[in-house]
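Heads up: the protein sequence lines correspond to chains V and D, in order.
Under this note's numbering, the first residue of the first sequence is numbered -15, with each subsequent residue one higher.
Under this note's numbering, the first residue of the second sequence is numbered -15, with each subsequent residue one higher.
Yeah, the Cβ is synthetic: ideal placement off N, Cα and C, and Gly gets one too.
Everything numeric in this text was worked out from a predicted model, so none of it was measured.
Before any comments, here is the structure.
Protein chains: 2
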Amino acid sequence: MNQTNNPKKMFLEIVKQLRQLIADENVSVGGKLPSERELAERLQVGRSTIREALRSLELLGLIETRRGEGTFLSDYRKHRLVELLSTFILQESKSKEDVHITRQALEKDAIHTICNTERLYRLHIWEAFKEKLIKEEIVREDIIREIIIISDNRLGLKIWFLLKQFAGEPYRENMNLQEKSLWIQLLTSLQKGEEHQVFSLYYEWLLLINRGDV
Amino acid sequence: MNQTNNPKKMFLEIVKQLRQLIADENVSVGGKLPSERELAERLQVGRSTIREALRSLELLGLIETRRGEGTFLSDYRKHRLVELLSTFILQESKSKEDVHITRQALEKDAIHTICNTERLYRLHIWEAFKEKLIKEEIVREDIIREIIIISDNRLGLKIWFLLKQFAGEPYRENMNLQEKSLWIQLLTSLQKGEEHQVFSLYYEWLLLINRGDV
DNA sequence: TATTTATGAGTGGTCAGACCACTTTGTAAT
DNA sequence: ATTACAAAGTGGTCTGACCACTCATAAATA
């Protein structure tokens, strides 16, 4: 008969009302929500229904609960978009190559961004890694992460971080002399904003670390 | 004392176990999950705990429940992540900008890939849209999606699709003459593999559609 | 026999009450 | 004034009980 055979899903209604309540009472980030028992009474539903709604929001990372204390509105910047994305969507396209490509897309974009807009910060990269690079112990991850951080795309950083984990990349290996040399050149060019040269070196690096696999 | 004072969150554990169960028993899209009462017994927890986990997944749109019938695994493409998070999160402009940037990174990477490797398929793009573009009704989304599809990065496509929804972009608007003209040029260049020219036009297009905002 | 109707088992939806574990706070003993 | 203890408040979980609904089966009917 009707397209949605469930005209009412109480717990969904509660989710909506909770949002309303948060807005109305101006609950700020970190602020405390009414207790489950109080909410049950105020919204005229059973406590279990309230809990179903709260647990849903908790899975999304929108609220935080602490036993014995209460329920708190969490920083919405801590949402789990990416995590949930990876959990439920990334599984389908297990293709390792897709992960590679996507991750590299983010890396390249960060490089592009830095070369074209962030003159001030380009210095930081080189300064931050100069000594470590020349001396010894440093892993690729630290450099690349820093590059993406400086490009100031937090969402991209999150996704990149996940993809890195997911692919089980050899990102934590120590670099040999050849690779270090390459990175020194790359960072030098990056500092100068020589985009073309940076990408040239980046691709050279990709060939170097993928000398066997993929 | 400890940073995470909640070592166990049963309902989160159940969410995990449900995923495992779905994988183990090879429940396919549209397939039926065990009843709540059976799950409670099998996983050795109360029915209310099972329900909290199921309701969380339902809010995400990952499962579908029908009273009197049961619980079913729903098409993952129907998930609600985007709507939900956008209502809570997207108020912050920086997030929105991050979404823009990340999405564009994927688009640019697809263009790059096509220009450099997919000689054979470049023809398809032009052929596929030639008539529609010149004639009339076509939305941006169709073209860009096709480009990413041809670049053959399925993961990138999924993420792009999500970000597009998330940002509520004007992707479904019809294009005016100026925009169409731009795309015709762009696709022509793309077909020839003239990367530099394609990017030039791409950036021109970005300026065009963002002529007011961002 | 074929069709309709009634029944009951199974399922999700909701509620109420009971504990438990934990935190905070206030009070009483020192 | 400090410490120790008790009580209240909170989330976490379980149990049992209904309700509303769907579906398969059996019974009654044509």
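Between the segment 177 to 196 of chain D and the segment 141 to 150 of chain D there are fewer than three C-beta pairs closer than 8 Å, too few to call the two in contact. Take residue 170 of chain V, set aside five residues on each side of it, and the residues of its chain with a beta-carbon closer than 8 Å to its own are 182, 185, 186 and 189, in chain order. Residue D/51 holds the alpha-carbon nearest to the alpha-carbon of residue -6 of chain V among D/101, D/110, D/51 and D/141. In terms of Cα proximity to residue 0 of chain V, the closest of V/141, V/13, V/33 and V/95 is V/33.
Residue -2 of chain V carries a helical assignment under DSSP once its states are collapsed to helix, strand and coil. Residue 54 of chain D is a Cβ neighbour of residue 17 of chain D, given a cutoff of 8 Å. Counting the other Cβ atoms within 10 Å of the Cβ of residue 30 of chain V gives fewer than 16, which makes it exposed. Taking 7 Å as the Cβ-Cβ cut-off, the segment 47 to 58 of chain V approaches chain D at 50 and 51, given in chain order. In the DSSP assignment, residue 48 of chain V falls within the beta strand (DSSP E) that extends over 47 to 50. Pairing residue 127 of chain D with residue 100 of chain V, the inter-Cα distance amounts to about 27 Å. Going by C-alpha positions, residue 108 of chain D is about 39 Å away from residue 124 of chain V. The beta carbons of residue 133 of chain V and residue 139 of chain V sit no closer together than 8 Å.
Of all residues in the segment 4 to 38 of chain D, those with a C-beta nearer than 8 Å to a C-beta of chain V are 32, 35, 36 and 37, reading in chain order.
Following the DSSP letters along the chain, one finds residue 185 of chain D inside the alpha helix (DSSP H) bounded by residues 179 to 193. In the DSSP annotation of this structure, residue 57 of chain V is not part of any alpha helix (DSSP H); the continuous beta strand (DSSP E) holding it starts and ends at 54 to 57. DSSP places residue 27 of chain D in the coil class of the three-state scheme, outside both helix and strand.
One finds 89, 92, 93 and 96 in chain D with Cβ atoms closer than 9 Å to the Cβ of residue 92 of chain V, taken in chain order. For the options V/14, V/13, V/37 and V/15, the alpha carbon positioned closest to that of residue -3 of chain V is the one of V/37. According to DSSP, residue pairing for residue 16 of chain V in a beta bridge involves V/56. At a cut-off of 8 Å between beta carbons, residue 86 of chain V contacts chain D.
Between the alpha carbons of residue 57 of chain D and residue 137 of chain D lies a distance of about 26 Å. A residue is called buried once 16 or more other Cβ atoms fall within 10 Å of its Cβ, and residue 87 of chain D is buried on that count. Annotation: Cβ neighbours of residue 40 of chain V in chain D (cutoff 7 Å, chain order): 39, 40 and 43.
Scanning chain D for C-beta atoms nearer than 9 Å to the C-beta of residue 83 of chain V yields 139, reported in chain order. Looking at the backbone, the Cα of residue 3 of chain V and that of residue 10 of chain V are separated by about 10 Å. In its chain, beyond the 5 residues on either side, 34 have a beta carbon closer than 6 Å to the beta carbon of residue 23 of chain V. By the criterion of a C-beta distance shorter than 6 Å, residue 94 of chain V is surrounded in its chain by 131, 132 and 135, once the five residues flanking it on both sides are discounted.
Of the residues assessed, residue 39 of chain V falls on the buried side of the cut-off, its CB having 16 or more other CB atoms within 10 angstroms. At a C-beta separation below 7 Å, residue -5 of chain V has these neighbours in chain D: 39.
DSSP places residue 83 of chain D in the helix class (H, G or I) of the three-state scheme.
A straight-line Cα-Cα distance of about 19 Å links residue 122 of chain V and residue 173 of chain V. Taking C-alpha positions only, residue 163 of chain V is separated from residue 81 of chain V by approximately 22 Å. Exclusion of the five residues before and after residue 14 of chain D leaves 56, 57, 58 and 59 as the residues of its chain whose Cβ lies within less than 8 Å of its Cβ. Within chain V, 43 have C-beta atoms less than 8 Å from the C-beta of residue -1 of chain D, given in sequence order.
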